[in-house]
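Using the numbering used here, the letters of the sequence shown map in sequence onto residues 75 to 248. C-beta atoms are modelled at their ideal positions from N, C-alpha and C, and glycine is treated no differently. All remarks here apply to the structure that follows.
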Amino acid sequence: MGRMQRGTLTLLLLAGAVAGGGCPWDQDMVDQPSVKPQERQAPAEPGGAVPIVGGETMPAPTTEAGMFAAKDEAAALRNPVPVTEESLARGKYLFELNCLVCHGADGRGKGAVGQSFDPSPADLNDAYTQDQADGQLFFTLTRGRVAMPFYRDALSPQERWDVINYVKQEFGPK
């Protein structure tokens, strides 16, 4: 067999292996863990690790009763971010970026995505939401509820307080 024929044969075998999925690196994307939208999965942390910057210090309750108890305890948290024009502007921007798709521009829970949920997202105008202490709303933003995902990884604590200031101001009693 000539040199040209061996080279052609080698190229054909290599092309067949790649096209047929015969290369071991082809499976990297297939074998990775996948998380579906709206599915909760906490990132794996090494045992005994303590965050230096960021991270949440409130342990996540594992039962529904634990969630209610922790939310009640969170009422003692005081909002450290004063209601200023800057905070409200940041809160509005973050609300539009993260919350509007489910809660809608008017906060009634009729956003484009929220309409597909049963039960519907909370109406931010209702007394149920507006009467909650800021710490309880912070807990909900941090831990999520029902179909609402948690935002502890997407929004910093400062940003969550800004959203709470905006929600209380925009959708609260006029």
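**Residue ranges of each alpha helix (DSSP H) within the region 136-209, 4 or longer** = The region 136-209 contains these whole alpha helix (DSSP H) runs: 138-147, 159-172, 174-177 and 201-204.
**Residues near residue 195 in its chain [Cβ-Cβ closer than 6 Å; skip 5 each side]** = Closer than 6 Å at Cβ, skipping near neighbours: 176, 177, 183 and 188.
**Item:** Alpha-carbon spacing of residue 161 relative to residue 244, whole angstroms
**Value:** Their backbone Cα atoms lie some 12 Å apart in a straight line.
**DSSP three-state assignment for residue 219, whether helix, strand or coil** = In the structure shown, residue 219 sits in a strand (DSSP, three-state: E or B).
**Request:** Put residue 251 into one of helix, strand or coil per three-state DSSP.
**Result:** With the chain covering 75 to 248 only, the question about residue 251 has no answer from this structure.
**Separation of residue 226 from residue 191, as counted between CA atoms** = When rounded, the distance between both Cα atoms is 22 Å.
**Item:** Rounded distance between the beta-carbons of residue 246 and residue 204, thought under 8 Å
**Value:** The C-beta distance from residue 204 to residue 246 rounds to 5 Å, short enough to fall under 8 Å.
**Request:** Using 10 angstroms around the beta-carbon of residue 82, count the other beta-carbons present and answer buried if the total reaches 16, otherwise exposed.
**Result:** Exposed: under 16 other Cβ atoms inside 10 Å.
**Asked** residue 83 by DSSP, collapsed to three states: which one?
**Response** Reduced to three states, the DSSP call for residue 83 is helix.
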